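What follows is a single structure, written as structure tokens, with notes after it.
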Ligand code: DC
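Numbering (this note's numbering), first residue to last: 650 to 859.
Given below as structure tokens:
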């Protein structure tokens, strides 16, 4: 839904830190592939998470010192991430990494369970939504622009399967958290989405000041 773009624009505008939590799941999945750890073995993955070092610096992601930013952005890495993300041991292991990112002056955290689980006391919880068809079209455009091969019906299919897995898992399923504000982005240009998000942020900051 362009949430990564919006989160990054917002962090820039506010001068706050940015957490791309999906990158953590993607990187853990990559580490699992490399260490030969089964993506369905939750306890093993949890133990693996305790032994690796993942660093996020803006768009850059490092795994044990090696830059893996491009490697974790492939569609296959997204599917792997969604597989490791179903395990409670994994979610528990990554909870600390994510909460450690909450530093002054503030944090914009991007991810499916930010408001529901990781930061239940967040000042503002935004849930960006778009139809699978729209998201597939955006992804298709991105892949084509990078000169990669893509097929629109396959992308729609993949997204639907991933959504179902993310929603139906028992551990921190994808959901609108209590108090969450839904922003539908289907057919809305990114500048307008950002304007809507900014209006919500301004209102939340003003309300906090009282
Ligand atoms: O946002 P993304 O595409 O980088 O996320 C990849 C996968 O990681 C997604 O399918 C589910 C998982 N994920 C998660 O379960 N919880 C998060 N906070 C972020 C990502």
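Beta carbons: idealized from backbone N, C-alpha and C, even for Gly.
From a predicted model like this one, the values you see are computed outputs, not experimental measurements.
- The beta-carbon distance between residue 656 and residue 759, rounded to whole angstroms, is 4 Å. This is short enough to meet the 8 Å contact definition.
- Rounded to whole angstroms, the separation of the alpha carbons of residue 712 and residue 702 is 6 Å.
- In the structure shown, the three-state DSSP call for residue 673 is helix.
- Looking from the CA of residue 789, the closest CA among 738, 843, 855, 801 belongs to 801.
- Listed by position in the chain, the residues whose beta carbon lies within less than 6 Å of some heavy atom of the ligand DC are 670, 671, 674, 675, 727, 730, 731, 734, 760, 761, 762, 811, 815.
- Looking at the backbone, the Cα of residue 764 and that of residue 777 are separated by about 12 Å.
- For residue 782, there is no enclosing beta strand (DSSP E); the enclosing alpha helix (DSSP H) has its first and last residue at 781 to 794.
- The way I'd put it, the region 746 to 757 doesn't touch the region 829 to 838; fewer than three beta-carbon pairs between them come closer than 8 Å.
- Residue pairing by DSSP places residue 759 opposite 669 in a beta bridge.
- With a threshold of 16 other beta carbon atoms within 10 Å, residue 736 meets it and is buried.
- Residue pairing by DSSP puts residue 704 in a beta bridge opposite 711.
- According to the DSSP assignment, residue 839 belongs to the alpha helix (DSSP H) that extends over 839 to 858.
- Taking a 10 Å sphere around the C-beta of residue 852, we find fewer than 16 other C-beta atoms and assign the residue as exposed.
- In terms of Cβ geometry, residue 705 and residue 679 do not form a close pair [threshold 8 Å].
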